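Trainee: Chains G and B, in that order, give the protein sequences. Going left to right, the first sequence walks through residues 21 to 252 as my numbering numbers them. Going left to right, the second sequence walks through residues 24 to 156 as my numbering numbers them. One structure is given below, represented as structure tokens, and several questions about it will come after.
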Amino acid sequence: MLGPYTYCTWLVCSVLEAGVVVCAIKAGAFRRYLPLNLWMLLELLSGLSRFYVLHSYGLKSKEYSYFYYYSEALATIALYFALSSLYAHVLEELKVESYVRMGAVLLLVGTAIFSYSIVRQSADRMTTRFVVEMSQNLYFVGLVLTYLLWGAILKLRETRTRLIQFVLSLGVLFSLFAANYALRNLYPDLRWLWGSLPQLFDCFLPLAWCYTFLRIPEEARIAPARLAVAPR
Amino acid sequence: MMAGIILVCSVVLFLQFFVFYCRSLIAVSAKQALSPEVQEVTGIQRTASGDDFQRVMQLLQLCPERREDRNGIQAIGLYFRLLNLLHATVARLVPSMNSWTEAERGQCTYFAAVALERRISFSRDMLAQQMDA
């Protein structure tokens, strides 16, 4: 049986995810940021389906376990493509959309092959381990890609405040997840702690994106170089 | 070994993204002018001081909370604490860091004052709606 903390974060997260889509529609930005909104809808759908599977088969069932890991992997892949759509936004003037798409697919395949090479020795439950390993690796790849995207924003002097806030909040999320996975491997005894933090992290992104859609108009501009000013 | 490297990279990048994210929130609010009554309540005219942050936050907590503001206010509260830590440690040794943290703390206060302004007008709208009903 899951505890009140899990149920509570689950509910809050689902409400916030629905909130992002509502805010995007309200701000007239649903189609403009379609991949981000689709990812939010997928997260919402996966959360609700997990709840259904949990109640139909139980927490310790094989069905729930498989559904959990596969939906998590699917959501991570979708998030990865949402990130590549932000690349397309930032690089839209360079007309390299097809290259970005191709690069994203190649990197995804590369990450999958790398993850397979790590788990291929384990004969038992290899598929589940592969899915978990790939999700972990994709978070780290996502973090590196977000950092590169931030570099591109600074270099190309991208000024759209909404876009900048999407990228920065995504960077915060990826780095939190990557740190959590690393800590899980370094201190496996505290698995209960590292297992409960991601649910909290999951609430951050929908909250940040709700704020961005509601508070920041599409025409708002900011000089990103100002954000990166260090004291001299 | 690999997990250690990933952890260090993630923490460094997290701090960087977090600081930039907070500064982007602050930069948006810095463009908004405060109304005369909020200026009077907070004592902030054009520039704010970091020492007033707690006072403005207390005023902010007196107003009904708005869900869409909560995330930004919490993030800036965390950023302010991080700046306080820097102000009390590294900034004592590096003078340029001292003036930078002071300016940033002031910007955090201004952000809180802008949030206060929004909450006051939100409360006023709610009251007006109730009166109409």
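For glycine and all other residues, C-beta sits at the position ideal for the given N, C-alpha and C. Please read these numbers as outputs of a predicted model, since none were measured by experiment.
In chain D, what lies closer than 8 Å to residue 95 of chain B by C-beta?
Mentor: Chain labels in this structure do not include chain D; the protein chains are G and B.
Trainee: Less than 9 Å between the beta carbons of residue 33 of chain B and residue 118 of chain G, yes or no?
Mentor: As a working mapping, residue 33 of chain B is identified with position 10 in the second sequence. As a working mapping, residue 118 of chain G is identified with position 98 in the first sequence. No, they are not a contact pair.
Trainee: Using a 10 Å radius around the Cβ and a threshold of 16 neighbouring Cβ atoms, would you call residue 23 of chain G buried or exposed?
Mentor: Here the question's residue 23 of chain G lines up with position 3 in the first sequence. So residue 23 of chain G counts as exposed.
Trainee: Compare the beta carbon distance of residue 111 of chain G and residue 190 of chain G with 9 Å and say whether it is the shorter of the two.
Mentor: Counting from 1 along the first sequence, the entry for residue 111 of chain G is found at position 91. Counting from 1 along the first sequence, the entry for residue 190 of chain G is found at position 170. Not a contact, by the Cβ cut-off of 9 Å.
Trainee: Terminal residues of the continuous alpha helix (DSSP H) containing residue 28 of chain G?
Mentor: Here residue 28 of chain G refers to the residue found at position 8 when the first sequence is read from its first residue. Residue 28 of chain G -> alpha helix (DSSP H) spans 24-46.
Trainee: Using 8 Å as the cut-off, can you tell me whether the region 234-241 of chain G makes contact with the region 64-71 of chain B, which would need three or more C-beta pairs spanning the two stretches below that distance?
Mentor: As far as the Cβ criterion goes, the region 234-241 of chain G does not touch the region 64-71 of chain B, which means the pair count is below three.
Trainee: For residue 36 of chain G, count the other beta carbons within 10 Å of its own beta carbon; 16 or more makes it buried, fewer makes it exposed. Which is it?
Mentor: As a working note, residue 36 of chain G is residue 16 in the first sequence. With 16 or more Cβ atoms within 10 Å of its Cβ, residue 36 of chain G is classed as buried.
Trainee: Should residue 41 of chain B be flagged as near chain G, meaning a C-beta pair shorter than 9 Å?
Mentor: Within the second sequence, the letter at position 18 stands for residue 41 of chain B. Yes, residue 41 of chain B counts as interfacial toward chain G.
Trainee: Identify, in the order they occur along the chain, each residue of the same chain with its Cβ nearer than 7 Å to the Cβ of residue 107 of chain G, setting aside the five sequence neighbours on each side.
Mentor: Here residue 107 of chain G refers to the residue found at position 87 of the first sequence. Once the five neighbours on either side are set aside, the close Cβ partners of residue 107 of chain G are 120, 169.
Trainee: State buried or exposed for residue 59 of chain B, treating a residue as buried only when at least 16 other CB atoms are found within 10 Å of its CB.
Mentor: Reading the second sequence from its first residue, position 36 is the one you call residue 59 of chain B. It is exposed - the Cβ of residue 59 of chain B has fewer than 16 other Cβ atoms within 10 Å.
Trainee: If you compare alpha carbons, which of B:121, B:95, B:138, B:132 is closest to residue 86 of chain B?
Mentor: Here the question's residue 86 of chain B lines up with position 63 in the second sequence. Ranking B:121, B:95, B:138, B:132 by Cα distance to residue 86 of chain B puts B:138 first.
Trainee: For the region 76-86 of chain G and the region 39-57 of chain G, state whether three or more C-beta atom pairs, one from each stretch, are separated by less than 8 Å.
Mentor: Cβ pair count under 8 Å is below three, so no.
Trainee: Would residue 105 of chain G and residue 56 of chain G qualify as a contact pair, given that the criterion is a beta-carbon distance under 9 Å?
Mentor: Locating residue 105 of chain G in the first sequence gives position 85, counting from the first residue. Locating residue 56 of chain G in the first sequence gives position 36, counting from the first residue. Yes, they are a contact pair.
Trainee: Cβ atoms of residue 167 of chain G and residue 29 of chain B: under 9 Å apart, would you say?
Mentor: The residue given as residue 29 of chain B occupies position 6 in the second sequence. The residue given as residue 167 of chain G occupies position 147 in the first sequence. No, they are not a contact pair.
Trainee: Among G:102, G:146, G:147, whose alpha-carbon lies nearest the alpha-carbon of residue 125 of chain G?
Mentor: Looking up residue 125 of chain G in the first sequence gives position 105. The shortest Cα separation from residue 125 of chain G among G:102, G:146, G:147 belongs to G:102.
Trainee: Taking just the CA atoms, how far does residue 233 of chain G sit from residue 54 of chain G?
Mentor: Numbered from its first residue, the first sequence carries residue 54 of chain G at position 34. Numbered from its first residue, the first sequence carries residue 233 of chain G at position 213. About 13 Å.
Trainee: Would residue 92 of chain B be called buried (16 or more neighbouring beta carbons within 10 Å of its own) or exposed?
Mentor: The residue you call residue 92 of chain B lines up with position 69 of the second sequence. Counting Cβ neighbours within 10 Å, residue 92 of chain B comes out buried, since at least 16 surround it.
Trainee: Mind listing which residues of the region 239-250 of chain G have their C-beta closer than 7 Å to chain B's C-betas, in chain order?
Mentor: Within the region 239-250 of chain G, the qualifying residues are 240, 242, 246, 247, 248.
Trainee: At a Cβ threshold of 9 Å, is residue 131 of chain B touching chain G?
Mentor: By 1-based counting over the second sequence, the position of residue 131 of chain B is 108. For residue 131 of chain B, the answer is no, since every Cβ of chain G falls outside 9 Å of its Cβ.
Trainee: Kindly list, in the order they appear in chain G, the residues whose Cβ is closer than 9 Å to that of residue 143 of chain B.
Mentor: On the second sequence, residue 143 of chain B is found 120 positions in, with the first residue counted as 1. Neighbours of residue 143 of chain B on chain G: none; closest Cβ ~16 Å, over 9 Å.
Trainee: Tell me which residue opens and which closes the alpha helix (DSSP H) that residue 87 of chain B is part of.
Mentor: Locating residue 87 of chain B in the second sequence gives position 64, where the first residue counts as 1. Unbroken run through residue 87 of chain B: none, as it is neither H nor E.
Trainee: Residue 204 of chain G by DSSP, collapsed to three states: which one?
Mentor: Position 184 of the first sequence holds residue 204 of chain G. In the structure shown, residue 204 of chain G sits in a helix (DSSP, three-state: H, G or I).
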